[in-house]
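When you line the sequence shown up against the numbering used here, it's residues -8 to 337, in that order. Beneath this line is the structure, given in structure tokens, with notes to follow.
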Amino acid sequence: MSYEKNKREQRKDDHIQLAIDHPDSPRSAFDEIRFIHQSIPSLNIDEVNLSTTIGNLKVNHPFYINAMTGGSKRAAEINEKLAIVARETHITMAVGSMHAALKDTALAHSYMVVRQQNPNGMIFGNVGADVDVDLALQAIDMIQADALQIHVNVPQELVMPEGSRQFSTWLSTIEKIVTRSSVPVIVKEVGFGMSQETFSQLMDIGVEIVDVSGRGGTDFIHVENERRSLKDMSYLKEWGQSTAVSLLEAKPFPELDVLASGGIRHPLDAIKCYALGAKAVGMSRNMLLLIEDQGIEGTIEYVESFKEQLKIIATMLGASTLQELQDKPIVLSPGLISWQEQRNLK
Ligand code: FNR
-8 MSYEKNKREQ RKDDHIQLAI DHPDSPRSAF DEIRFIHQSI PSLNIDEVNL STTIGNLKVN
52 HPFYINAMTG GSKRAAEINE KLAIVARETH ITMAVGSMHA ALKDTALAHS YMVVRQQNPN
112 GMIFGNVGAD VDVDLALQAI DMIQADALQI HVNVPQELVM PEGSRQFSTW LSTIEKIVTR
172 SSVPVIVKEV GFGMSQETFS QLMDIGVEIV DVSGRGGTDF IHVENERRSL KDMSYLKEWG
232 QSTAVSLLEA KPFPELDVLA SGGIRHPLDA IKCYALGAKA VGMSRNMLLL IEDQGIEGTI
292 EYVESFKEQL KIIATMLGAS TLQELQDKPI VLSPGLISWQ EQRNLK
């Protein structure tokens, strides 16, 4: 195995292990949002239908396994297991960054296994904003992706010892991919959240779907700092907007399809995301922990229970659809109110 290849595969495995060992965040901005209990919801649980749309894609369940991995033996095993879970539970799954396979076709199997295991499922491809446009289109073909995620991860690149230092072409690359892609394009953060300014930039170049992937779960400054020899940038941990704040930032952009991920702990967090306008919710690290600890069967049980619990909470709130959840009153903490005021979000 060449030195370069070895390094790339090692990085994939480092990310997996460091995400597994990642500490849980001590607090969540989701706890700063409260629903109001109502005693008489006038609704039966079997009337709840939380199916959704992502761009022009119809999706049965409003949550998905978000991008993680590919490009090493361990990654292939994880992807295969997660793909079986996605197939059996009819949820969407995104693969991790496909650059490894675009550079070295011998690694393509670790991504293609997801399509092989789930020929009819909803699968998202994943590339970075520095990718060559033709390669981005190849990534779509490689797994017959139903949509393409483009990840934007500036803090991670900068803290990563071997990361990129060039970002000035990202916006124009995203624009070219949006223009040429045959499938919907989702611009996605990796745990640092998004802002009004970012939404405006993206909408100006024709982006219609974003995944805000906010702070509160996997923290890639923590992960990359662990990989640095001096581990001297830990003070930057918790950089970025939480997922809840990112969704508040998205309020002035009703034309944008907003997906939420980053630190989703349980179905109540997901329901809060829908109430704040998210069309679907993604989970990464929790799915990784589940598949590693509980295997395929245990993870399928978790997903089925997650679906049921979403319906239970929607019923408690008297909402039969995601749209109705958006109309339910919520109470925000003084911190979130202050954020809204300072950012003119009202
Ligand atoms: C990720 N994430 C990620 N995102 C992406 O767009 N491309 C990628 O290749 C990866 N790789 C990756 C590896 C591992 C091991 C993890 C845990 C995560 C980021 C991920 O999709 C998500 O945005 C963040 O992890 C936040 O969500 P959670 O983990 O808090 O649910």
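Glycine included, every Cβ here is placed at the ideal spot set by N, Cα and C. Keep in mind the model is a prediction, meaning the values are calculated, not measured.
**Message:** Taking the alpha carbon of T318 as the reference point, which residue from H90, A99, K263 has its own alpha carbon closest?
**Reply:** For clarity, residue 318 is Asp in the given sequence; the question names Thr instead. For D318, the nearest C-alpha among the options comes from K263.
**Where A251 sits in the DSSP three-state scheme** = The three-state reading of DSSP puts A251 in strand, counting E and B together.
**Item:** Ranges of the alpha helix (DSSP H) found wholly within the stretch -6 to 26, counting only runs of at least 4
**Value:** Here the runs fully enclosed are -6 to 12.
**Message:** Tell me whether V181, by its Cβ, gets closer than 6 Å to a heavy atom of the ligand FNR.
**Reply:** Within the cutoff, so yes.
**Asked** For the ligand FNR, is there a heavy atom less than 6 Å away from the beta-carbon of G184?
**Response** False, no ligand heavy atom lies under 6 Å from that Cβ.
**Request:** Please find out if some non-hydrogen atom of the ligand FNR comes closer than 6 Å to the beta-carbon of M274.
**Result:** Placement of the Cβ of M274 at a distance of less than 6 Å from at least one heavy atom of the ligand FNR is found.
**Asked** Is G208 helix, strand or coil when you go by DSSP?
**Response** Reduced to three states, the DSSP call for G208 is coil.
**Request:** Identify whether K319 lies in helix, strand or coil by the three-state DSSP scheme.
**Result:** The answer is coil: DSSP assigns K319 none of H, G, I, E or B.
**Message:** Given 6 Å as the limit, tell me if H142 has its C-beta closer than that to any heavy atom belonging to the ligand FNR.
**Reply:** Checking the Cβ of H142 against the ligand FNR gives yes.
**Prompt:** How many Å lie between T80 and S191 at the Cα?
**Reply:** When rounded, the separation of the alpha-carbon atoms in T80 and S191 is 35 Å.
**Request:** Sort out for me which residues DSSP pairs E108 with in a bridge.
**Result:** Checking the sequence shown, residue 108 turns out to be Gln, not Glu. As DSSP reads the structure, Q108 sits in no beta bridge.
**Message:** Could you pull the DSSP bridge partners for N277 from this structure?
**Reply:** None; N277 has no bridge partner.
**Request:** Quick one: using the 10 Å Cβ neighbour count with 16 as the cut-off for buried, is T43 buried or exposed?
**Result:** In this structure T43 is buried. Its beta-carbon is surrounded by 16 or more other beta-carbon atoms within 10 angstroms.
**Request:** Consult DSSP for I31 and reduce its assignment to one of helix, strand or coil.
**Result:** Coil.
**Closest Cα partner of G326 within the set E0, I282, D22, D4** = Minimum Cα distance to G326 is reached at D22.
**Proximity of A138 and V174 at Cβ, strictly below 7 Å** = It is a contact, given that the beta carbons lie within the stated cut-off.
**Of the residues M224, T160, V214, the one placed nearest V124, counting alpha carbons only** = Between V124 and the set M224, T160, V214, the nearest pair of CA atoms involves T160.
**Prompt:** Is A20 near the ligand FNR, in the sense that its beta carbon is under 6 Å from a heavy atom of that ligand?
**Reply:** Remark: the shortest separation between the CB of A20 and any heavy atom of the ligand FNR does not fall under 6 Å.
**Prompt:** Between which two residues does the beta strand (DSSP E) carrying I177 extend?
**Reply:** For I177, the enclosing beta strand (DSSP E) stretches over residues 176 to 179.
**Request:** Output the boundary residues of the beta strand (DSSP E) element that contains A85.
**Result:** Taken as a continuous stretch (DSSP letters only), the beta strand (DSSP E) holding A85 covers 83 to 85.
**Run of the alpha helix (DSSP H) containing Y265, from where it starts to where it stops** = Start and end: 258 to 266.
**Prompt:** Measuring CA to CA, which of M278, G268, S19, I24 is closest to I321?
**Reply:** Of the listed residues, the one whose Cα sits closest to I321 is I24.
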